[in-house]
Amino acid sequence: MLERVSELPATLLERDAYLADYWREYGQVNGVFWKLERGQTFREPGDASWEAFAAGDWGRALELNAADRVEAEAMAAKDRETGVETRRIRVVEKPVSPYLQWEMQFLRLLAEAGQTLRVLRVPDVVHLERHRPLPEIVILGDRVLYMVRYDTTGTACGAWRIDAPDVITECIAELADLFATGEPLLDFFHREIAPLPPPPASV
Numbered sequence: 001m002l003e004r005v006s007e008l009p010a011t012l013l014e015r016d017a018y019l020a021d022y023w024r025e026y027g028q029v030n031g032v033f034w035k036l037e038r039g040q041t042f043r044e045p046g047d048a049s050w051e052a053f054a055a056g057d058w059g060r061a062l063e064l065n066a067a068d069r070v071e072a073e074a075m076a077a078k079d080r081e082t083g084v085e086t087r088r089i090r091v092v093e094k095p096v097s098p099y100l101q102w103e104m105q106f107l108r109l110l111a112e113a114g115q116t117l118r119v120l121r122v123p124d125v126v127h128l129e130r131h132r133p134l135p136e137i138v139i140l141g142d143r144v145l146y147m148v149r150y151d152t153t154g155t156a157c158g159a160w161r162i163d164a165p166d167v168i169t170e171c172i173a174e175l176a177d178l179f180a181t182g183e184p185l186l187d188f189f190h191r192e193i194a195p196l197p198p199p200p201a202s203v
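In UniProt numbering, the protein residues as written are 1 to 203.
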């Protein structure tokens with residue numbers, strides 16, 4: 001089902017509408033917050049750490065990321081307070097892309113703050129990618145599914161919203177299977193990411 005999400009009826013949300021819709025729905029989540037990240041390179045203009053990374057200043061990017069620890073801990077604490085359980089899946093190709101090396105720095109903070117993140121390699125998902133790579137997916141409880149949209153530069157520009165209960169149920173089942181086979185993110189980070197030299201500047 002995950003591979004077919006892009007073919008299903010959905011409501012188009014531009015960026016601002018998506019963010020407003022997402023936070024409204026997030027406030028009503030009761031259960032699990034699912035997130036699947038498959039793409040290896042994105043742009044995040046407006047994020048200070050990403051801007052430094054994109055400019056080739058890796059040291060500054062790491063400093064700014066470290067300053068985000070308070071934000072990561074606040075996110076995890078809020079989830080615990082509201083009873084939301086995060087199950088986040090990150091697919092990683094080898095060699096690790098510069099963007100992914102950067103993103104992993106913040107994902108590590110989330111994991112250290114108590115969120116549950118798992119890493120999968122491409123062979124772990126290939127059975128679900130018969131015709132196309134898996135999409136970027138967010139599911140809030142069992143209420144709503146978003147397939148995040150990106151423009152040609154790799155910058156997030158909105159989402160498709162799906163409310164069909166049967167679709168959401170099937171996608172959650174597939175995500176649960178993937179999650180069960182994933183490696184804890186911190187184990188992966190310390191083995192595969194921490195030893196890497198600084199990445200080249202992004203674009």
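Where is the CB? At the ideal position from N, CA and C, for every residue including glycine.
Among the candidates the options, whose CA atom is the shortest distance from the CA of residue i?
{"i": "residue 205", "options": "G114, E183 and F189", "result": "Residue numbering for the chain in the displayed model covers 1 to 203; residue 205 lies beyond these limits and cannot be assessed."}
{"i": "A74", "options": "Y99, P98, V96 and E112", "result": "E112"}
{"i": "Q28", "options": "A61, R69 and T82", "result": "T82"}
{"i": "W50", "options": "D142, V5, L2 and Y99", "result": "Y99"}
{"i": "R90", "options": "R69, N65, T116 and D79", "result": "T116"}
{"i": "L110", "options": "Y150, G46 and R80", "result": "R80"}
{"i": "K94", "options": "V122, V84 and R69", "result": "V122"}
{"i": "E85", "options": "I193, V32 and W23", "result": "V32"}
Can you round the beta-carbon distance between residue i and residue j to whole angstroms, since I take them to be within the 8 Å contact cut?
{"i": "L185", "j": "R118", "result": "6 Å"}
{"i": "R43", "j": "T155", "result": "5 Å"}
{"i": "L8", "j": "I162", "result": "6 Å"}
{"i": "Q105", "j": "L175", "result": "The pair is not a contact, with the Cβ atoms about 24 Å apart (cut-off 8 Å)."}
{"i": "A48", "j": "L64", "result": "5 Å"}
{"i": "I193", "j": "V96", "result": "7 Å"}
Could you check if residue i is buried or exposed, using at least 16 other CB atoms within 10 Å of its CB as the buried criterion?
{"i": "A67", "result": "exposed"}
{"i": "R191", "result": "exposed"}
{"i": "W34", "result": "buried"}
{"i": "W160", "result": "buried"}
{"i": "N30", "result": "exposed"}
{"i": "A52", "result": "buried"}
{"i": "V126", "result": "exposed"}
Spatial neighbours of residue i within its chain, please: C-beta separation below 8 Å, excluding the five flanking residues on both sides.
{"i": "L120", "result": "I89, R90, V91, V92, L178, T181, G182 and E183"}
{"i": "E25", "result": "L140, R143 and V144"}
{"i": "T153", "result": "R43"}
{"i": "D124", "result": "V91, L178, T181 and G182"}
{"i": "A10", "result": "M147, W160, R161 and I162"}
Leaving aside the five residues before and after residue i along the sequence, list all residues of the same chain whose C-beta is less than 7 Å from its C-beta, in chain order.
{"i": "F189", "result": "M104 and R108"}
{"i": "S6", "result": "P135 and M147"}
{"i": "L128", "result": "L2, E3, L134 and E174"}
{"i": "R130", "result": "E3"}
{"i": "Y22", "result": "Y146"}
{"i": "S202", "result": "F53, A54, P98 and Y99"}
Suppose the cutoff is 6 Å on Cβ atoms and the five residues either side in sequence are ignored; what does the same chain contact list for residue i look like?
{"i": "G158", "result": "L13, E14, R15, Y18 and R149"}
{"i": "W102", "result": "F53"}
{"i": "D187", "result": "none"}
{"i": "A164", "result": "none"}
{"i": "R87", "result": "V32, W34, T116 and F179"}
{"i": "D151", "result": "C157"}
{"i": "R60", "result": "A52"}
* Can we say the segment 131-149 touches the segment 182-201, given the rule of at least three CB pairs closer than 8 Å? -> Touching, no.
* Asked: Counting Cβ pairs closer than 8 Å, one from the segment 161-180 and one from the segment 49-58, do we hit at least three?
  -> A contact between stretches requires three or more CB pairs, one per stretch, nearer than 8 Å, and the segment 161-180 fails this requirement with the segment 49-58.
* Pairing CB atoms from the segment 174-190 with CB atoms from the segment 38-50, are three or more of them under 8 Å? -> With fewer than three CB-CB distances shorter than 8 Å, the segment 174-190 does not count as touching the segment 38-50.
* To do: Kindly confirm or deny that the segment 14-25 and the segment 137-147 touch, where touching means at least three C-beta pairs closer than 8 Å.
  => Yes: the two stretches touch, three or more of their Cβ pairs being nearer than 8 Å.
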